[in-house]
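In the numbering used here, the protein residues as written are 1165 to 1535.
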Ligand SMILES: *Cc1c(COP(=O)(O)O)cnc(C)c1O
């Protein structure tokens, strides 16, 4: 089955036909063919993609990416702990919200949705609030497409001896990084972002000695990160509860395709070309990106909506869909925007076709001419 349109969204995203075909078989969740040959291979491939350093392990968790974030927050911080969260978008805010639901004390640093966190503010908080034990930050804030300065934040957190949690949901697999070098203790991502799998589970790559400290800390049975990991370790890839077998098998195929493409560096290059082609083409048509260029990630780009009164997102969206492209509404609270994703089975030629489709879908300009 072919897709009728390309998803230019930050996940679920357009996947290859071969990834989708990998789902056409059923699997037994206690058989070695699934646990040893699929799940365990995925777990070790993920660790290798995340770091060259020893001492890291991985755990897969059912649910959307947020479930893995919630599992990490709820399983790593003990009852005397406190979390510092950098919130410059919806996903940073969601981490603070998770802490709130779980009654975990939380210090929020919010520089606003279009700025990076001020390092001195983080530094002051870490120095003055000695109750803080953990620091969480989002790598690519998918709300705007902003790339956060994780190197500097992780270094600060390490200077103060804090455990570092990174939400790299929308960047892992699409932007090179070594979490061991960065000093990240827990890194979270999910199946349906830059690895280009389908939705259904998330995963956490963790420093093993830090994860081992989490035994008995979880505030939820289903989202007990330690217990899930322990079960996978003890039983060669066995999930505690029903695992999303088809999704997992598709993810395995997606990992092979990432290797065939040339790994994370090659994929990063493709996404960067997509993003640059997009911004250049959109600028020529009169659109302005929300963020200044140096803050952009290659993952997704927010554009200001056209100023015309005749513009309506829904109509623009529908016209683009007719041309074969699906875009994303804005998520920023104080600016009227729409977003276009660059990740997934999407190539620079697709972006060039998109620019043509956008130029044909600018119906509000016709209205101006007609008036
Ligand atoms: C997609 C995403 C998530 C998780 O979203 P789900 O809808 O739960 O899969 C979390 N953080 C970031 C930065 C994301 O891009």
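Ideal Cβ placement from N, Cα and C applies to all residues, glycine included. Bear in mind that the values here come from a model prediction, so they are computed numbers and not experimental data.
- Shown here for residue 1425: same chain residues with a beta carbon closer than 8 Å to its own, the five before and five after excluded, namely 1431, 1434 in chain order.
- For residue 1431, the enclosing alpha helix (DSSP H) stretches over residues 1427-1448.
- Across the structure, residue 1257 and residue 1444 are spaced so that their CA atoms are roughly 31 Å apart.
- Annotation for residue 1478: the continuous alpha helix (DSSP H) segment containing it runs 1477-1486.
- When the beta-carbon positions are compared, residue 1223 and residue 1396 come within less than 8 Å of each other.
- Judged by DSSP in its simplified three-state form, residue 1300 adopts strand.
- Under the DSSP assignment, residue 1208 falls in the alpha helix (DSSP H) whose first and last residues are 1204-1214.
- Looking at the DSSP output, residue 1502 sits in a beta bridge with 1467, 1493.
- Leaving aside the five residues that flank residue 1311 on each side, the residues in its chain whose CB is nearer than 6 Å to its CB run, in chain order, 1304, 1461.
- Annotation: residue 1341 is outside any alpha helix (DSSP H) and is labelled neither H nor E by DSSP.
- Non-local C-beta neighbours of residue 1186 in its own chain, meaning closer than 6 Å and more than five positions away in sequence, comprise 1413, 1414, 1417, ordered along the chain.
- Per DSSP, reduced to three states, the secondary structure at residue 1351 is strand.
- Contact check between the region 1461-1476 and the region 1380-1390: fewer than three CB pairs, one atom from each, fall below 8 Å, which does not count as touching.
- A direct Cα-Cα distance of roughly 9 Å separates residue 1503 from residue 1174.
- As a beta-bridge residue in DSSP terms, residue 1460 pairs with 1310.
- In this structure, the C-beta of residue 1331 approaches ligand 1 to less than 7 Å from one of its heavy atoms.
- Sixteen is the threshold: when 16 or more other Cβ atoms of the shown chains lie within 10 Å of the Cβ of residue 1221, as they do, the residue is buried.
- Under DSSP, residue 1510 takes part in no beta bridge, so it has no partner.
- DSSP places residue 1222 in no alpha helix (DSSP H) but in the uninterrupted beta strand (DSSP E) bounded by 1220-1226.
- The criterion of a C-beta distance shorter than 8 Å is satisfied by residue 1421 and residue 1182.
- A straight line joining the alpha-carbon of residue 1346 with that of residue 1319 spans about 7 Å.
- The residues 1449, in chain order, have a CB closer than 7 Å to that of residue 1523 in the same chain once the five nearest residues on each side in sequence are set aside.
- Taken atom to atom, the span from the alpha-carbon of residue 1512 to that of residue 1361 is near 20 Å.
- When distances are taken from the beta-carbon of residue 1357 to the heavy atoms of ligand 1, the shortest one is below 7 Å.
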